[in-house]
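Working notes, structure below.
2 protein chains.
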Amino acid sequence: MNPRARLATSDGLRPGEVALGVEPTPAPANLYFIGRIFTPWATRGECPRRGDLAGPLCRVEIAEPWTEALFGIEAFERLQLLYWMHLARRDLVLQNPRRGDEVHGTFALRSPVRPNPIASSIVALERVEGSSLFVRGLDCVDGTPLIDVKPEHCPRA
Amino acid sequence: MNPRARLATSDGLRPGEVALGVEPTPAPANLYFIGRIFTPWATRGECPRRGDLAGPLCRVEIAEPWTEALFGIEAFERLQLLYWMHLARRDLVLQNPRRGDEVHGTFALRSPVRPNPIASSIVALERVEGSSLFVRGLDCVDGTPLIDVKPEHCPRA
Chain U
322 MNPRARLATS DGLRPGEVAL GVEPTPAPAN LYFIGRIFTP WATRGECPRR GDLAGPLCRV
382 EIAEPWTEAL FGIEAFERLQ LLYWMHLARR DLVLQNPRRG DEVHGTFALR SPVRPNPIAS
442 SIVALERVEG SSLFVRGLDC VDGTPLIDVK PEHCPRA
Chain W
322 MNPRARLATS DGLRPGEVAL GVEPTPAPAN LYFIGRIFTP WATRGECPRR GDLAGPLCRV
382 EIAEPWTEAL FGIEAFERLQ LLYWMHLARR DLVLQNPRRG DEVHGTFALR SPVRPNPIAS
442 SIVALERVEG SSLFVRGLDC VDGTPLIDVK PEHCPRA
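Protein chains in written order, with the numbering used here: chain U, 322 to 478; chain W, 322 to 478.
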């Protein structure tokens, strides 16, 4: 471990947290934002720690040219949404989520702070109106970019 | 709908399938590949349709500079993996997965073919050896790029 590299990105760290001191290589793959999520939470501080299937109704707006891909979506009660947590830093490998003595590796947490800040939530689909999905179970800030919509898939065992 | 645009990308389509006729705008966000997945399946044709928690053992190799982010991962029996299905086309909005009369919107399917070909699987973690996770439950081709590792999160209700 190079202590100088750590110092270079030590801004805003809590006790025990470790940030990368290097810039990782971007993947030979680009994302498309396929829509946007509208929630009652204007800031990260207002967001719930975890989505609740009985929580407030949120609107997921699919953008062109993707709207036709919603065909048949109303058959599903539960959907999995992937979205891009655009406000999160991406360089922490060790995190101290409660600002205490417990430090966790980023991959042992569901924190928005991660190399690829992609959130995955299971939501309850209430209704579809044109290119809008009305769902419950989200946890993200108003305006979050959407990456994917899939039928739910959780193991039964 | 512009029929000319559809013709331009009609190669390889099954009956009823529809591809975008336009190039979507890439998102102002880049991915990092954080590792690679090694499975017994050398081609897409050999892959199971769906992962099985009692299926063959696969190795998930985390790359530098991310390995330190595994700290504490061995506490979890189940993990969620996100990975990039690098062999899939990304322009289909309607698909005909069984080559029959049934056409589905891409967002009503878990097909690898989607705007952002990100797969999400819940896997059983058998053991950790250095920067390798040995897991069961995967469905992807050998060498698939890894995007994220999270503790499992499925609703109980």
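For each residue, glycine too, the CB sits at the ideal point set by N, CA and C.
Check your understanding: Does the Cβ of ASP460/W have 16 or more other Cβ atoms within 10 Å, making it buried, or fewer, making it exposed?
Key -> buried
Exercise for review: Just list the beta strand (DSSP E) runs in the segment 349-427 of chain U, keeping only unbroken ones of 3 residues or longer that don't cross its boundaries, in chain order.
Suggested key: 356-359, 379-383, 399-405 and 413-416
**Study point:** Rounded Cβ spacing between ARG431/W and PRO472/U (contact assumed at less than 8 Å)
**Key:** 6 Å
**Study point:** Nearest candidate by alpha-carbon position, reference THR388/W, set GLU367/U, VAL339/U and ALA363/U
**Key:** VAL339/U
Review point. Using a Cβ-Cβ cut-off of 7 Å (strictly less than) and excluding sequence neighbours within five positions of CYS368/W, which residues of its own chain qualify?
Key: TRP362, ASP460, CYS461 and VAL462
Exercise for review: Run down chain W in chain order and give the residues with a C-beta less than 9 Å from the C-beta of PHE397/U.
Suggested key: Counting only Cβ-Cβ distances below 9 Å, PHE397/U has contacts in chain W at ALA429, in chain order.
Point to revise | Residue closest to GLY435/W, alpha-carbon to alpha-carbon, out of ILE468/U, GLU450/U and THR346/U | key: Checking the displayed sequence, the identity of residue 435/W turns out to be Arg instead of Gly. Among ILE468/U, GLU450/U and THR346/U, the Cα nearest to that of ARG435/W is on ILE468/U.
Check your understanding: Taking the alpha-carbon positions, what's the ARG335/U to ARG420/U distance?
Key -> 6 Å
Exercise for review: Determine whether the Cβ of VAL434/W lies closer than 8 Å to any Cβ atom of chain U.
Suggested key: no
Exercise for review: Decide if the segment 443-452 of chain W is in contact with the segment 400-413 of chain W; the criterion is three or more beta carbon pairs, one per stretch, under 8 Å apart.
Suggested key: yes
**Study point:** Beta-carbon proximity list for GLY464/W, same chain, < 8 Å, skipping 5 on both sides
**Key:** ARG357, ILE358 and PHE359
Review point. With C-beta atoms as the reference, is ARG457/U less than 8 Å away from PRO377/U?
Key: One thing to note: ARG457/U has its Cβ within 8 Å of the Cβ of PRO377/U.
Practice item. Below 6 Å CB to CB, which residues in the same chain sit around MET406/W once its five sequence neighbours on both sides are set aside? Key: In its chain, beyond the 5 residues on either side, PRO433, PRO438 and ALA440 have a beta carbon closer than 6 Å to the beta carbon of MET406/W.
Check your understanding: Does LEU459/U get closer than 8 Å to chain W when you measure Cβ to Cβ?
Key -> no
Review point. Closer than 7 Å: is that where the CB of ARG457/U sits relative to any heavy atom of the ligand GTP?
Key: In the structure on display, the ligand GTP does not appear, and there are no ligands present to speak of.
Exercise for review: Quick one: list the residues of chain U neighbouring ASN351/W, beta-carbon separation under 8 Å, in chain order.
Suggested key: PRO347, ALA348, ASN351 and LEU352
Point to revise | Close-in-space but distant-in-sequence residues of the same chain around GLY372/U (CB under 6 Å, 5 per side omitted) | key: SER442, GLY458, LEU459 and ASP460
Check your understanding: Whose C-alpha, out of HIS474/W, GLY393/W, ILE394/W and PHE455/W, is nearest the C-alpha of ALA375/W?
Key -> PHE455/W
Practice item. Please name the residue, chosen from ASP412/U, HIS474/U, TYR404/U and VAL414/U, that lies closest to ALA348/W on a Cα-to-Cα basis. Key: TYR404/U
**Study point:** Straight-line Cα distance separating ARG410/W from GLY342/W
**Key:** 13 Å
Review point. Listing by chain order, which chain W residues have their CB less than 8 Å from the CB of SER441/U?
Key: GLN401, LEU403, SER441, LYS471 and HIS474
Review point. What residue range is occupied by the uninterrupted beta strand (DSSP E) comprising LEU430/W?
Key: Taken as a continuous stretch (DSSP letters only), LEU430/W belongs to no beta strand (DSSP E), as it is neither H nor E.
Point to revise | Partner residues on chain U for ASN437/W, Cβ-Cβ distance less than 8 Å | key: LEU352, TYR353, ILE355, LEU403, ILE468 and ASP469
Point to revise | Segment limits, beta strand (DSSP E) that includes VAL343/W | key: Here VAL343/W belongs to no beta strand (DSSP E), and DSSP marks it neither H nor E.
Review point. Does any CB atom of chain W fall closer than 8 Å to the CB of ALA390/U?
Key: Residue-level contact check: ALA390/U touches chain W, since one or more beta carbons of chain W fall below 8 Å from its beta carbon.
Point to revise | Alpha carbon of PRO394/W to alpha carbon of PHE428/U, nearest angstrom | key: First, the amino acid is wrong: residue 394/W is Ile here, not Pro. Looking at the two C-alpha atoms, the distance is approximately 7 Å.
Exercise for review: Could you name the residues that DSSP lists as bridge partners for ASP469/U?
Suggested key: LEU403/U
Point to revise | Sequence-distant residues of its chain with Cβ nearer than 6 Å to VAL424/W (five each side left out) | key: GLY337, LEU415 and ASN417
Review point. Hey, PRO345/W and PRO386/U: beta-carbon distance below 8 Å or not?
Key: yes
Review point. Tell me which same chain residues have a C-beta within less than 7 Å of the C-beta of ILE383/U, skipping the five on either side of it?
Key: ILE355, GLY356, LEU391 and SER452
**Study point:** Beta-ladder partner(s) of GLU450/W, from DSSP
**Key:** SER453/W
Review point. With DSSP run on the structure shown, which of helix, strand or coil describes VAL444/U?
Key: strand
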